[in-house]
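If you read the protein sequences in the order shown, they are chains F and X.
full-length UniProt numbering applies: residue 1 is where the first sequence begins, and numbers increase by one.
full-length UniProt numbering applies: residue 1 is where the second sequence begins, and numbers increase by one.
A virtual CB, placed ideally from N, CA and C, is assigned to each residue, including glycine.
See below for the structure under consideration.
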Amino acid sequence: MGGDTLMAAISAIVSIGVRPSWSASVVRVVLVSAALMVLAWLLVLPLAAIFAEAFRQGWSFYLDAISQPDSMAAVRLTLTVAAIAVPLNLVFGLAAAWAMTHFTFPGKSLLGALIDLPFSVSPVVAGMMLILVYGKDGWLGSWFEAHDVQVIFALPGLVLATVFVTLPFVARELIPLMQAQGSEQEEAALTLGASGWRIFFHVTLPRVRWALLYGVLLCNARAMGEFGAVYVVSGHLPGLTNTLPLQVDQLYQENFSAAFAVASLLALLTLLTLGLKRLLEWRHGEARNGH
Amino acid sequence: MGIDISHLRRRFGQFTALDDVSLSIADGEFVALLGPSGSGKTSLLRILAGLDLPDAGSILRDGEDLLALDARRRGVGLVFQHYALFPHMTVAQNVAFGLRVRPWRLRPRASAIKASVEELLRRVELDHLSTRYPAQLSGGQRQRVALARALAIQPRLLLLDEPFGALDAQVRVTLRRWLREFHRSLGITTLFVTHDQDEALEMADRVVVMNQGRIEQIGTPEQIYRHPATPFASRFIARGQPIPGEVEHGTLRVLDRVWAVGGFAEDQITSITVHVRPEDIFPTQAHREGLAARVLNVRHVAGTVRASLAMAGLEEPLEAEWNEREWHRHPVAVGDVIDVHIQSLTVFGSDADGRVVARKEFQPPHGAAPVTLGPWRRVEA
Numbered sequence: 001m002g003g004d005t006l007m008a009a010i011s012a013i014v015s016i017g018v019r020p021s022w023s024a025s026v027v028r029v030v031l032v033s034a035a036l037m038v039l040a041w042l043l044v045l046p047l048a049a050i051f052a053e054a055f056r057q058g059w060s061f062y063l064d065a066i067s068q069p070d071s072m073a074a075v076r077l078t079l080t081v082a083a084i085a086v087p088l089n090l091v092f093g094l095a096a097a098w099a100m101t102h103f104t105f106p107g108k109s110l111l112g113a114l115i116d117l118p119f120s121v122s123p124v125v126a127g128m129m130l131i132l133v134y135g136k137d138g139w140l141g142s143w144f145e146a147h148d149v150q151v152i153f154a155l156p157g158l159v160l161a162t163v164f165v166t167l168p169f170v171a172r173e174l175i176p177l178m179q180a181q182g183s184e185q186e187e188a189a190l191t192l193g194a195s196g197w198r199i200f201f202h203v204t205l206p207r208v209r210w211a212l213l214y215g216v217l218l219c220n221a222r223a224m225g226e227f228g229a230v231y232v233v234s235g236h237l238p239g240l241t242n243t244l245p246l247q248v249d250q251l252y253q254e255n256f257s258a259a260f261a262v263a264s265l266l267a268l269l270t271l272l273t274l275g276l277k278r279l280l281e282w283r284h285g286e287a288r289n290g291h
Numbered sequence: 001m002g003i004d005i006s007h008l009r010r011r012f013g014q015f016t017a018l019d020d021v022s023l024s025i026a027d028g029e030f031v032a033l034l035g036p037s038g039s040g041k042t043s044l045l046r047i048l049a050g051l052d053l054p055d056a057g058s059i060l061r062d063g064e065d066l067l068a069l070d071a072r073r074r075g076v077g078l079v080f081q082h083y084a085l086f087p088h089m090t091v092a093q094n095v096a097f098g099l100r101v102r103p104w105r106l107r108p109r110a111s112a113i114k115a116s117v118e119e120l121l122r123r124v125e126l127d128h129l130s131t132r133y134p135a136q137l138s139g140g141q142r143q144r145v146a147l148a149r150a151l152a153i154q155p156r157l158l159l160l161d162e163p164f165g166a167l168d169a170q171v172r173v174t175l176r177r178w179l180r181e182f183h184r185s186l187g188i189t190t191l192f193v194t195h196d197q198d199e200a201l202e203m204a205d206r207v208v209v210m211n212q213g214r215i216e217q218i219g220t221p222e223q224i225y226r227h228p229a230t231p232f233a234s235r236f237i238a239r240g241q242p243i244p245g246e247v248e249h250g251t252l253r254v255l256d257r258v259w260a261v262g263g264f265a266e267d268q269i270t271s272i273t274v275h276v277r278p279e280d281i282f283p284t285q286a287h288r289e290g291l292a293a294r295v296l297n298v299r300h301v302a303g304t305v306r307a308s309l310a311m312a313g314l315e316e317p318l319e320a321e322w323n324e325r326e327w328h329r330h331p332v333a334v335g336d337v338i339d340v341h342i343q344s345l346t347v348f349g350s351d352a353d354g355r356v357v358a359r360k361e362f363q364p365p366h367g368a369a370p371v372t373l374g375p376w377r378r379v380e381a
């Protein structure tokens with residue numbers, strides 16, 4: 001890159017909103033196509049490869065691979081785990097965001113840091129922590145065992161691991177918004193005689209509903225795709241404790257093409273979530289502009 | 001009857017928001033809480049609304065303990081500075097909110113709610129906008145929606161937090177007059193917070209001047225303007241300007257004038273503060289009797305003429321204000337050296353703790369004739 005290009009880049013940045021000069025438009029084309037190429041190389045191509053690989057041996061093989069009882073069980077298990085973990089985090093996220101933005105209490109900054117913890121702790125470590133606490137010889141494990149409840153290598157363990165990993169999504173989406181909105185409207189509702197529940201459902205919730213949905217969708221995408229923490233606590237029993245990502249991993253060792261078929265299913269679920277998110281953003285934008 | 005606030009205290013950490021505040025408000029009165037930001041007026045409003053609790057003190061309404069009722073059951077209407085309208089509800093839904101959220105035994109029928117919402121919107125002259133959303137309204141319209149919403153619960157006390165703070169000057173003046181009339185027709189006891197002197201003096205039956213968590217003075221606009229109780233009230237409301245002055249050995253010395261004073265009870269009083277209002281400084285034809293002043297600038301502001309005057313013995317120039325007619329009689333221009341006569345001075349006497357304990361307004365005589373500087377008016381805050 002010569003000095004001219006650099007100057008052009010700077011003038012492109014400076015001239016935002018002004019009629020672009022010829023060199024500025026060159027820079028724009030270069031930057032945009034570079035970004036698109038990186039995206040294509042790193043995201044679109046591999047994603048396309050998964051679907052291509054999945055269908056390489058034809059439709060019938062594909063349908064056969066995903067309709068295997070173990071694969072179907074994995075789909076069911078993944079959906080079950082997400083169906084439990086996401087609502088739990090929805091409630092937790094709302095409660096945490098409310099507490100963080102409406103109250104001052106000792107340990108508030110600690111709570112803020114703890115909410116972020118799952119982002120910084122490796123999922124494998126999270127799984128190990130669960131084993132330590134709920135495993136056969138864990139602190140609580142023996143108590144659960146005495147009451148005939150199996151946590152590790154069973155659904156409860158999978159749910160716990162997923163809840164842990166996806167904990168921050170809803171809360172992190174809500175906290176900045178609720179902070180920006182303040183609590184004046186809640187106070188107004190209070191002086192008008194509304195009860196706590198009514199304030200929550202009629203004033204607070206409508207104001208954060210888009211951010212909440214957005215957080216829930218992100219949380220859901222992550223819950224369905226989670227591998228590391230779930231890997232540790234699952235036990236890998238095909239048809240019993242294998243979620244979709246684990247099933248893909250297992251098939252990958254045994255039956256290469258079937259692994260890609262199941263992987264494409266997982267990718268499809270995630271793409272569906274992303275599509276829904278996009279749709280919501282679009283609708284939200286409409287709502288905000290048009291009112 | 002009415003509201004009795006006594007000995008209210010509220011601290012936030014090291015900051016004292018309310019320091020022994022006592023105030024009585026009669027039924028139907030329109031009272032302004034006037035003070036700079038941080039003077040405690042909004043804290044008092046929030047405590048009255050039930051959104052905050054005092055550390056000490058009591059509030060009685062017709063003898064009933066108001067602090068024992070939480071905000072929900074207090075029946076106090078509060079209009080926020082930024083209105084706090086519910087953005088996802090229409091104007092009509094906003095106004096109906098307080099009626100809809102009542103427990104079902106006390107909730108009016110849907111048709112009754114609709115009727116009273118219509119009536120309220122008609123009163124605030126917004127009945128044609130009932131299906132709009134707050135985002136589609138102007139500032140002044142939002143403010144009236146907030147007012148209608150607060151009135152829907154038929155409050156026995158209406159609180160307004162900086163009701164015109166977020167509006168532009170033109171709308172502000174119109175709404176001021178409108179709200180004054182509106183209060184007269186409604187008769188609800190109303191307390192409003194403002195930092196704007198003009199607003200408080202123009203609208204309120206009584207003005208409560210607050211500073212640093214304390215009430216400096218309570219009185220009608222005229223009382224406070226004519227007879228400010230403290231240097232703060234004088235500066236803030238009567239535009240009083242400090243000039244150096246002292247009393248010693250039976251003489252009062254202000255600028256370079258000396259008067260013999262009688263009736264000066266020196267007990268408690270250890271220092272005095274002298275204030276002069278802009279409209280009490282007049283140019284005089286009688287030379288040698290006035291104080292020499294140099295005119296630094298002259299501004300013509302809608303019917304009044306304001307001038308800055310540099311005078312010997314003063315670090316800051318004094319502001320003088322005359323109406324156009326007076327100025328035409330004695331026109332002064334920038335650079336002129338004129339003689340001025342001070343028609344009225346206010347002298348505040350403070351004790352050793354710096355508390356104002358006495359004050360006296362007096363008309364300085366021409367020449368050095370003896371004056372009486374008493375009896376002092378005792379100041380009670």
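- Judged by DSSP in its simplified three-state form, X:V124 adopts coil rather than helix or strand.
- By the Cβ criterion, the segment 215 to 233 of chain F is in contact with the segment 81 to 101 of chain F, since at least three pairs of Cβ atoms, one from each stretch, lie closer than 8 angstroms.
- With the criterion set as a beta carbon lying under 8 angstroms from some beta carbon of chain X, the members of the segment 169 to 201 of chain F are E184, Q185, E187, A188, A189, L190, T191, L192, G193, A194, S195, R198, in sequence order.
- For X:F192, the closest Cβ of chain F is not nearer than 9 angstroms.
- Using a Cβ distance threshold of 9 angstroms, F:P168 and F:I84 do not count as a contacting pair.
- With its beta carbon at least 9 angstroms from every one in chain F, X:R105 lies outside the interface.
- Scanning chain X for C-beta atoms nearer than 9 angstroms to the C-beta of F:R207 yields F86, P87, H88, reported in chain order.
- Counting only the Cα atoms, X:G213 lies some 8 angstroms from X:D20.
- The criterion of a C-beta distance shorter than 9 angstroms is satisfied by X:P221 and X:L201.
- Around X:A71, the beta-carbon contacts reaching into chain F at under 7 angstroms are L190, T191.
- Residue range 91 to 100 is occupied by the alpha helix (DSSP H) that includes X:N94.
- Identification of chain F residues near X:F164 by a Cβ-Cβ cut-off of 9 angstroms yields none; the smallest Cβ-Cβ distance measures about 17 angstroms.
- Short of 8 angstroms from the beta carbon of X:L85, and not among the five residues preceding or following it, lie these beta carbons of its own chain, in chain order: N94, P134, R142, V145, A146, R149.
- Chain order gives no chain F residues near X:G139, where near means a beta carbon separation below 8 angstroms; the closest approach is about 16 angstroms.
- Nearest C-alpha to X:L51 among F:V75, F:Q185, F:A49: F:Q185.
- Residue state for X:W327 is assigned as helix, using DSSP reduced to three classes.
- Chain order gives the chain F residues near X:F80 as E184, A188, where near means a beta carbon separation below 7 angstroms.
- X:H300 has X:V305 as its beta-bridge partners, per DSSP.
- F:V203 has a beta carbon lying within less than 9 angstroms of a beta carbon in chain X.
- Below 8 angstroms, too few C-beta pairs join the segment 270 to 286 of chain F and the segment 68 to 82 of chain F to call them touching: fewer than three.
- The residue among X:A56, X:G40, X:F30 with its C-alpha nearest the C-alpha of X:R9 is X:A56.
- Within chain F, not a single residue places a beta-carbon under 8 angstroms from that of X:I3; the smallest gap is close to 16 angstroms.
- Distance from X:D27 to X:T189 at the Cβ level is roughly 6 angstroms; contact confirmed, criterion being Cβ atoms closer than 8 angstroms.
- The beta carbon of X:G77 sits closer than 9 angstroms to some beta carbon of chain F.
- Fewer than three beta-carbon pairs drawn from the segment 137 to 149 of chain F and the segment 168 to 181 of chain F are found closer than 8 angstroms, and the two stretches are therefore not classed as touching.
- In this structure, the beta-carbon distance from X:L252 to X:V347 falls below 9 angstroms.
- Chain F places a beta carbon closer than 9 angstroms to that of X:I153, counting this residue as a contact.
- X:S24 and X:L175 have their C-alpha atoms roughly 27 angstroms apart.
- Annotated as proximal: X:M210 and X:L33, with beta-carbon spacing under 9 angstroms.
- In the three-state reduction of the DSSP assignment, F:K136 falls in the coil class, being assigned neither a helical nor a strand state.
- Counting along the chain, F:L63 sits inside the alpha helix (DSSP H) bounded by residues 58 to 66.
- With a cutoff of 9 angstroms on beta-carbon distance, X:R206 and X:G187 are scored as not near each other.
- A Cβ-Cβ separation of about 7 angstroms places X:R257 in contact with X:P364 under the 8 angstroms criterion.
- Of all alpha-carbon atoms in X:F232, X:P242, X:V301, the one lying nearest the alpha-carbon of X:G313 is that of X:P242.
- One finds A189, L192, G193, A194, S195, R198, H202 in chain F with Cβ atoms closer than 8 angstroms to the Cβ of X:V101, taken in chain order.
- At least one CB atom of chain F sits nearer than 9 angstroms to the CB of X:A49.
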